[in-house]
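Chains as they are written, first to last, in the numbering used here: chain A, 35 to 147; chain B, 5 to 119.
Only one structure is covered here, and it is reproduced in the block below.
Put into structure tokens, the structure is as follows:
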């Protein structure tokens with residue numbers, strides 16, 4: 035299916051730095067989700083957003099549902115080595131009655147100790 | 005803890021044989037389950053939507069006779085890769101949602117290698 039535009043594709047940062055990644059779409063979304071995938075495992079849900087403008091935190095992670103409903107960002111503060119992995123945004127379009135998700139291409143995060 | 009259990013985590017099979025992958029929802033009844041395929045360094049590609057008690061809905065380009073899906077109960081969906089070929093080698097991931105509007109939770113994936 036159609037993918038969301040997720041950027042950056044990869045990041046290599048120093049431990050302790052903050053990280054920001056985002057997803058954009060030409061379509062309106064009802065739901066934005068952020069997942070993290072470790073090598074060889076399935077994605078794990080980090081944050082779910084259901085309302086335009088919603089800002090939600092989960093520990094060092096913060097995500098926002100854009101007001102236009104066409105974008106979302108995920109911030110990670112004070113990164114640590116275990117933050118390494120691939121982060122995916124996913125959204126449910128407003129015209130989707132079956133709750134299928136559209137995924138971003140992923141952001142590969144590497145953290146240097 | 006895990007809310008969706010997928011089994012096996014790894015399987016190696018010979019070309020021409022069939023492989024069954026199970027996806028179970030542990031703490032909830034999953035009216036809908038989704039099966040994804042993921043190639044190395046790529047995002048998840050939806051293969052099919054599995055609805056309890058009815059036929060699965062396949063995405064364009066996915067062969068329904070090759071990837072058989074059975075969602076016989078509210079807690080179990082199976083994906084059977086029939087007559088597997090080396091090009092079917094991939095990472096297969098299931099996901100499930102309970103009530104409408106709840107987020108999807110993913111299984112840990114199955115690494116299939118066809119020799």
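Glycine is no exception: its CB is placed at the ideal position from the N, C-alpha and C atoms.
| Asked | Found |
| --- | --- |
| Whole-number beta carbon distance between residue 135 of chain A and residue 83 of chain B, since they are thought to touch under 8 Å | No, residue 83 of chain B and residue 135 of chain A are not in contact; Cβ-Cβ is about 18 Å, not under 8 Å. |
| Local Cβ density within 10 Å of residue 14 of chain B, reported as buried at 16 or more and exposed below that | exposed |
| Segment contact flag, the segment 72-86 of chain A with the segment 26-34 of chain B, C-beta cutoff 8 Å, min 3 pairs | no |
| Contact with chain A by residue 48 of chain B, beta-carbon distance below 8 Å | yes |
| Entirely enclosed beta strand (DSSP E) segments - the segment 12-97 of chain B, minimum 3 residues | 14-17, 23-29, 36-42, 48-55, 71-77 and 80-85 |
| Rounded C-alpha distance that separates residue 8 of chain B from residue 76 of chain B | 16 Å |
| Chain B contacts from the segment 93-121 of chain A (Cβ-Cβ distance under 7 Å) | none |
| First through last residue of the beta strand (DSSP E) which encompasses residue 92 of chain A | 89-92 |
| Residue nearest to residue 102 of chain A in terms of C-alpha spacing, selected from A:91, A:127 and A:142 | A:127 |
| Stretch pair the segment 15-28 of chain B + the segment 88-95 of chain B: three plus CB contacts closer than 8 Å | yes |
| Nearest-angstrom Cα separation, counted from residue 19 of chain B out to residue 87 of chain B | 7 Å |
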